[in-house]
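Here the sequence shown stands for residues 1 to 118, numbered as in UniProt numbering.
For reference, the structure discussed in these notes is given below.
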Amino acid sequence: MMSLSATRRERVSRPRPAAVCDSDQLVRTCAEAMAPAGPAMHRAVVEAITPITGREGIRPEVRLAEVDGTLHVYVSFANEPGEILIEEIRRAAWLASTRASHGRAEVVAHVALQMRAV
1 MMSLSATRRE RVSRPRPAAV CDSDQLVRTC AEAMAPAGPA MHRAVVEAIT
51 PITGREGIRP EVRLAEVDGT LHVYVSFANE PGEILIEEIR RAAWLASTRA
101 SHGRAEVVAH VALQMRAV
């Protein structure tokens, strides 16, 4: 005769069937759950512009803001890096944020100079 505790152990030790997930579906679900202006987006922009700003010795500040469904990426500098470099940084920030949002958000990238206290 089998005891009740032995029966319970059998139930616990039986393997459960594994769930099968489509990797593309998992990626889409995670991307949809993430806020466009979150840490992943910020990291993507910083990683994209660091090679450009690093070679010039510039340390910009990156801020993200979502306004009426449009994601605004602000890259600001203490000193003006020059027009060509500004455009290169703006494009890199825009491309990185567009890729990170998986095309779900309209993205506008801005480059600005920081105000100095008088």
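Cβ atoms here follow ideal geometry from the backbone N, Cα and C, with glycine treated the same way.
All figures in this text were calculated on a predicted structure; none of them were measured in a lab.
Nearest candidate by alpha-carbon position, reference residue i, set the options
i, options, result
"Glu-56", "Ala-92, Val-111, Gly-82 and Gln-114", "Gly-82"
"Arg-74", "Arg-90, Leu-85, Thr-98 and Gly-38", "As written in the sequence, residue 74 is Tyr, which differs from the Arg given in the question. Among Arg-90, Leu-85, Thr-98 and Gly-38, the Cα nearest to that of Tyr-74 belongs to Arg-90."
"Pro-48", "Val-108, Val-62 and Ile-84", "Note on residue identity: the sequence assigns Ala, not Pro, to residue 48. Taking only the C-alpha atoms, the option nearest Ala-48 is Val-62."
"Leu-85", "Gly-54, His-72 and Gly-38", "Gly-54"
Rounded C-alpha distance that separates residue i from residue j
i, j, result
"Glu-10", "Trp-94", "Unreliable placement is indicated for Glu-10, whose pLDDT of 49 sits below 50; no coordinate value is reported for it."
"Ala-40", "Ser-97", "9 Å"
"His-42", "Glu-88", "18 Å"
"Ile-66", "Val-107", "Per the sequence shown, residue 66 should be read as Glu rather than Ile. When rounded, the distance between both Cα atoms is 9 Å."
"Pro-60", "Phe-77", "5 Å"
"Ser-101", "Val-45", "11 Å"
"Asn-79", "Leu-113", "7 Å"
"Arg-104", "Met-115", "32 Å"
"Ile-52", "His-110", "16 Å"
"Ala-37", "His-72", "9 Å"
"Ile-58", "Arg-99", "24 Å"
"Thr-50", "Asp-68", "28 Å"
Residue i, buried or exposed, once every other Cβ within 10 Å from all chains shown has been counted against 16
i, result
"Leu-64", "buried"
"Thr-70", "exposed"
"Ala-92", "buried"
Enumerate, from N- to C-terminal direction, the unbroken beta strand (DSSP E) stretches of 3 or more residues contained entirely within the region 51-95.
-> Listed in chain order, the complete beta strand (DSSP E) runs (minimum 3 residues) inside the region 51-95 are 61-67 and 70-77.
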